[in-house]
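*Asks:* Next up is a structure, given as C-alpha cells.
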Amino acid sequence: MPYREGGCVSALSIEPKTAADVKVESYLKRFERRVEAAPPGQCPLTTVSSYLETGANQTCGKCVPCRDGLPKLSELMRELANCQANNETLETLRALAQMIRDASDCAVGYEAAQATLDALDIFPEEVEAHLVGHSCTQGMGQSVPCETLCPAHVNVPGYIALVGEGRYADAIKKMAVDQVAADSVSTPGRLPDSGKRIAVVGGGPSGLTCAYYAALMGHSVTVFEANHSLGGMMRYGIPAYRFPRERLDEDIRAILSVGNIEVKCDVRIDAVAMAKINDEFDAVYVAIGAQLGKTLKLENGDAEGVVSAVDLLQKIGDGDYPDFSGKKVVVVGGGNVAMDCARTSVRAGASEVTVAYRRRQSDMTALVEEVEAAVAEGVEMAVLEAPARVEVDESGHCTALITQPQMIGAVKRGRPAPVAANKPERRIEADVILIAVGQDIDVDPFADFGMQAQRGSFVANGQLESPNLPGIYVGGDCQSGPATVIKAIGAGKVAARNIDEYFGYHHTLPCDVALPEPKQNDRTPKGRVEIAERPARERKNDFLGVEYGMSLEEAEQECGRCLRCDCFGAGCQVDGRFQYV
1157 MPYREGGCVS
1167 ALSIEPKTAA
1177 DVKVESYLKR
1187 FERRVEAAPP
1197 GQCPLTTVSS
1207 YLETGANQTC
1217 GKCVPCRDGL
1227 PKLSELMREL
1237 ANCQANNETL
1247 ETLRALAQMI
1257 RDASDCAVGY
1267 EAAQATLDAL
1277 DIFPEEVEAH
1287 LVGHSCTQGM
1297 GQSVPCETLC
1307 PAHVNVPGYI
1317 ALVGEGRYAD
1327 AIKKMAVDQV
1337 AADSVSTPGR
1347 LPDSGKRIAV
1357 VGGGPSGLTC
1367 AYYAALMGHS
1377 VTVFEANHSL
1387 GGMMRYGIPA
1397 YRFPRERLDE
1407 DIRAILSVGN
1417 IEVKCDVRID
1427 AVAMAKINDE
1437 FDAVYVAIGA
1447 QLGKTLKLEN
1457 GDAEGVVSAV
1467 DLLQKIGDGD
1477 YPDFSGKKVV
1487 VVGGGNVAMD
1497 CARTSVRAGA
1507 SEVTVAYRRR
1517 QSDMTALVEE
1527 VEAAVAEGVE
1537 MAVLEAPARV
1547 EVDESGHCTA
1557 LITQPQMIGA
1567 VKRGRPAPVA
1577 ANKPERRIEA
1587 DVILIAVGQD
1597 IDVDPFADFG
1607 MQAQRGSFVA
1617 NGQLESPNLP
1627 GIYVGGDCQS
1637 GPATVIKAIG
1647 AGKVAARNID
1657 EYFGYHHTLP
1667 CDVALPEPKQ
1677 NDRTPKGRVE
1687 IAERPARERK
1697 NDFLGVEYGM
1707 SLEEAEQECG
1717 RCLRCDCFGA
1727 GCQVDGRFQY
1737 V
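In case it helps, this note's numbering puts the sequence shown at residues 1157 to 1737.
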C-alpha cells in the first residue's frame, strides 16, 4: 500500500466508474428512451415538472440557488400541474425561476430555471386552465402517436398489421412494394363525377397526392408540370440509388390509374397562364416545390466548373449523368442534398470528393446515416471550413476552393455558431465545385398574378388557402420551405380535402381493406431491424438502389413489435385511442 508522510493513502484505480455509476448510466439510457417515446397529448406543465425534478436531482449542491432553489421550483411547478396553485403561487414560481437563472453557477440551474420561464410564456392557455379552471386534459384525448406524428397521417398500425400477415397488396409500403408493385394493385373506386375541374400546378409528390385524392372524390384534375416528367424532387432531387426510378414510375402509374387525371408536361406557368388557369378551372392547387439552387456570394463564384447542386441533380433526373472521371470534386454544404451530390460524384468517377462545411460534422443537417454512407464510400469531410473564394486559372475555370478555418462559438438559434479561427486559409483542389447550400422557390410569376409571398415562400393559412384569392390553394415545399417528401404528401391530402369542402361537398373515401384484429399475445422486447445496405466498395460504382430491404422473417418480427395502441391503451373501451381523420 502506498505511504506518504503522515499516513497511508488509498491505492489508485484505472477504473473511475463505480458499480453504482454504471447502473445509473443504464437507467439514464432507459430514461432517455422514455423521453424519446413520449406520445402526443402530454400535459406541458407535467412535462416541465418532470424536467425540473431531473434538474433538482442533478445539482451538485455547491451553490445555494441551484441546491435549494430547484427542489422548491419543482415543488411549485408540481402544485401548478396538479391544479393546486393560485396567483400567489404563480408569482412566487416566476420570481424564484428568475433568481435561480441569474444566480446559479452552472447550466444545471440556469437551464432548468430558463425552461420554467419559457414554459410560462409558451403555454399561457394551459397555465390559465390549471390555475383558474382547475382542469387538465392529460390522457383524455391521446391519439395514436405514429399516425398523429406522421405528416400525412397514414394509418401506420393498419399497414404494419397487414404486412405482418403477408397481405402486401393491401398494405403498400416499402416492404410491401418489394413483394407487389404499386401499379399492379387496384386503386379504390372513384366517386361519381362532380363536374368540378381542378388545376394542379406542379407534378411533384404534393401535387400528385392532391390530384390522386381529388380524382377519387369525383373531380376532374389537370396537372401542369414544368419538367419533362412527373415526380418533382423525387425524380429531380433524389438520386436513383436512394429511390429507384422504377419504384417512382410504379407509384406515378398507380396514381394516374385512378382516371380523370390529365397531365401536361413541359409547361411553365407565368402570371398570364396562371390567370387563364384561374378562369378556366374551379380551383387551383399550386405545388411547384423548391427547385432553384441557392448561390454563394464568393469571389469567382460564377467561374466555369462551379455548378448548382440542384441543377446537377435535375439533369440526372432527365437521365443526363455527369462524367467526373479523374476529377477532383468539392461539395459545399452539409445537408442531404450535399451528401447526394458527394455520393453521386463518387459514382460519376471522381478521383477525390470533399465536402466543405463551415460547422462541425455533428452539426450537419443531413441524416447521420447519409453522412456515414458518404464517408464509407470515400468522401472526405472538411469540417469547420468556410468558403472564402474560388481560385481560377487563366481560362476562368475553377482550380480550387479557398476556405477560412472556423472554430465553434456561442450557441445561436439552438446550435453553436462558427466564427473565423486565427489559422491560415486552406486550399482544396477542385476541378468541379458543387454548391449545395439550400433551395429557393420561384415565386415571382405567381406573385405577379397576385399570390402573396413572404421571405421567399408562399403565404397560406392553416387550410392552405392563398389569402384574398378564393379557390387558390398552395402547399408543399413552396409554402413550407424545403422539407420532407412525406410532409409534401400531407399537404397534398389536406389541399384535396379542403378543395372538396370549398366545392360544398364532404366526400368520404371508402376503404375496402379489412384490418387484422389485434393479437392478444404478450410483446417480447426486441431490437429494431435495421435495413441492410450493399457494401460500399460495390454500391459506389453504380446508381442502383443501395438498400437490400427486409426479409420476410425480419418484416414479420418488426411488425410484431407494434403495440397496436390504436386498439389498446387509453380509450380501449371505445376501440382504442382516437385516430386522425
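Every residue gets a Cβ at the ideal spot worked out from N, C-alpha and C, and that includes glycine.
(1) Between the region 1463-1483 and the region 1582-1601, do at least 3 Cβ pairs fall closer than 8 Å?
(2) Quick check: the Cα distance between Arg1679 and Cys1718, rounded to an integer number of angstroms?
(3) Taking only three categories from DSSP, how would you classify Ala1382?
(4) Measure the C-alpha to C-alpha separation of Gln1608 and Cys1216 and round it to an integer number of angstroms.
(5) Taking 8 Å as the threshold, find out whether the region 1431-1449 comes into contact with the region 1523-1532 through three or more Cβ pairs.
(6) Is Val1264 near the ligand SAM, judged by its Cβ being under 7 Å from some heavy atom?
(7) Could you please give me the residues that DSSP links to His1553 through a beta bridge?
(8) Let me check one thing: in DSSP terms, what residues is Thr1304 bridge-paired to?
(9) Cα separation between Val1615 and Asp1474?
(10) Just mark Ile1278 as buried or exposed, buried being the case when its beta carbon has 16 or more other beta carbons within 10 Å.
(11) What distance in whole Å lies between the Cβ atoms of Leu1620 and Ala1651, which are believed to be in contact at a cut-off of 8 Å?
(12) Please classify Lys1696: is it buried, with 16 or more other beta-carbons within 10 angstroms of its beta-carbon, or exposed?
(13) Buried or exposed for Leu1709, please, with buried defined as at least 16 other CB atoms from any protein chain shown within 10 angstroms of its CB.
(14) With C-beta atoms as the reference, is Met1140 less than 8 Å away from Leu1249?
(15) Lys1218 to Ala1522, Cα distance in whole Å?
(16) Nearest by alpha-carbon distance to Ser1260: which of Gln1240, Ala1212, Ser1385, Val1204 is it?
(17) Kindly indicate which three-state DSSP category Gly1295 falls into: helix, strand or coil?
(18) Going by CA-CA distance only, name the one from Ser1501, Ile1411, Ala1530, Gly1491 that's closest to Asp1519.
(19) Round the Cβ separation of Ile1584 and Pro1574 to the nearest angstrom and send it over; I've been treating them as touching at under 8 Å.
(20) Just how far apart, CA to CA, sit Ala1275 and Val1180?
(21) So the beta strand (DSSP E) Ile1417 belongs to, where does it begin and stop?
(22) Closest by CA to His1290, which one among Phe1187, Glu1209, Cys1239, Asp1496?
(23) Taking the continuous beta strand (DSSP E) assigned at Glu1536, which residues delimit it?
(24) Are Phe1380 and Val1319 closer than 8 Å when you measure CB to CB?
(25) In chain order, what are the residue ranges of uninterrupted beta strand (DSSP E) at least 3 long that sit wholly in the region 1218-1274?
(26) Just reading off the alpha helix (DSSP H) that Leu1347 is part of, what are its end residues?
*Replies:* According to the data block:
(1) yes
(2) Locating residue 1679 in the sequence shown gives position 523, where the first residue counts as 1. Locating residue 1718 in the sequence shown gives position 562, where the first residue counts as 1. Taking the straight line joining both Cα atoms gives about 8 Å.
(3) In the sequence shown, residue 1382 corresponds to position 226, counting from 1. Of the three classes helix, strand and coil, the one that applies to Ala1382 here is coil, per DSSP.
(4) Walking along the sequence shown from the start, residue 1608 turns up at place 452. Walking along the sequence shown from the start, residue 1216 turns up at place 60. Approximately 54 Å between the Cα atoms of the pair.
(5) no
(6) Of the ligands one can find in the structure shown there are none, so the ligand SAM has no counterpart to examine.
(7) The residue labelled residue 1553 in the question sits at position 397 within the sequence shown. Glu1460.
(8) The residue given as residue 1304 occupies position 148 in the sequence shown. Looking at the DSSP assignment, Thr1304 forms no beta bridge with any residue, so it has no partner.
(9) On the sequence shown, position 459 is the one that residue 1615 refers to. On the sequence shown, position 318 is the one that residue 1474 refers to. Each residue's alpha carbon lies about 31 Å from the other.
(10) In the sequence shown, the residue the question calls residue 1278 occupies position 122. Exposed, since its Cβ has fewer than 16 Cβ neighbours within 10 Å.
(11) Position 495 of the sequence shown, counted from the first residue, corresponds to residue 1651. Position 464 of the sequence shown, counted from the first residue, corresponds to residue 1620. With a Cβ gap of about 5 Å, Ala1651 and Leu1620 count as contacting.
(12) What you label residue 1696 is simply residue 540 of the sequence shown in a count that begins at 1. Classification of Lys1696: buried, given that the 10 Å Cβ count is 16 or more.
(13) What you label residue 1709 is simply residue 553 of the sequence shown in a count that begins at 1. Per the sequence shown, the amino acid found at residue 1709 is Glu instead of Leu. With fewer than 16 other Cβ atoms inside 10 Å of its own Cβ, Glu1709 counts as exposed.
(14) Any property of residue 1140 remains undetermined from this structure, which presents the chain solely from 1157 to 1737.
(15) In the sequence shown, residue 1218 corresponds to position 62, counting from 1. In the sequence shown, residue 1522 corresponds to position 366, counting from 1. Cα to Cα, Lys1218 sits roughly 40 Å from Ala1522.
(16) As a first step, residue 1260 is located in the sequence shown; it is residue number 104 there, counting from the start. Selected option, being the one with the closest Cα: Ala1212.
(17) Position 139 of the sequence shown, counted from the start, is the residue given in the question as residue 1295. Legend: pLDDT at Gly1295 = 49, less than 50; position of this residue unreliable, value from coordinates given subsequently. If DSSP states are grouped into helix, strand and coil, Gly1295 belongs with coil.
(18) Within the sequence shown, residue 1519 is the residue found at index 363, counting from 1. Ranking Ser1501, Ile1411, Ala1530, Gly1491 by Cα distance to Asp1519 puts Gly1491 first.
(19) One-based indexing of the sequence shown puts residue 1584 at position 428. One-based indexing of the sequence shown puts residue 1574 at position 418. About 17 Å separates the two Cβ atoms, so there is no contact after all.
(20) Taking the first residue of the sequence shown as 1, we reach residue 1275 at position 119. Taking the first residue of the sequence shown as 1, we reach residue 1180 at position 24. Approximately 28 Å between the Cα atoms of the pair.
(21) Along the sequence shown, one-based indexing puts residue 1417 at 261. Ile1417 -> beta strand (DSSP E) spans 1417-1420.
(22) The sequence position of residue 1290 within the sequence shown is 134, counting from 1. Selected option, being the one with the closest Cα: Cys1239.
(23) Counted from its first residue, the sequence shown places residue 1536 at position 380. First-last of the beta strand (DSSP E) with Glu1536: 1536-1539.
(24) The residue labelled residue 1380 in the question sits at position 224 within the sequence shown. The residue labelled residue 1319 in the question sits at position 163 within the sequence shown. With a cutoff of 8 Å on beta-carbon distance, Phe1380 and Val1319 are scored as not near each other.
(25) Listed in chain order, there is nothing to give.
(26) Within the sequence shown, the letter at position 191 stands for residue 1347. Premise fails: Leu1347 is in no alpha helix (DSSP H) and is neither H nor E.
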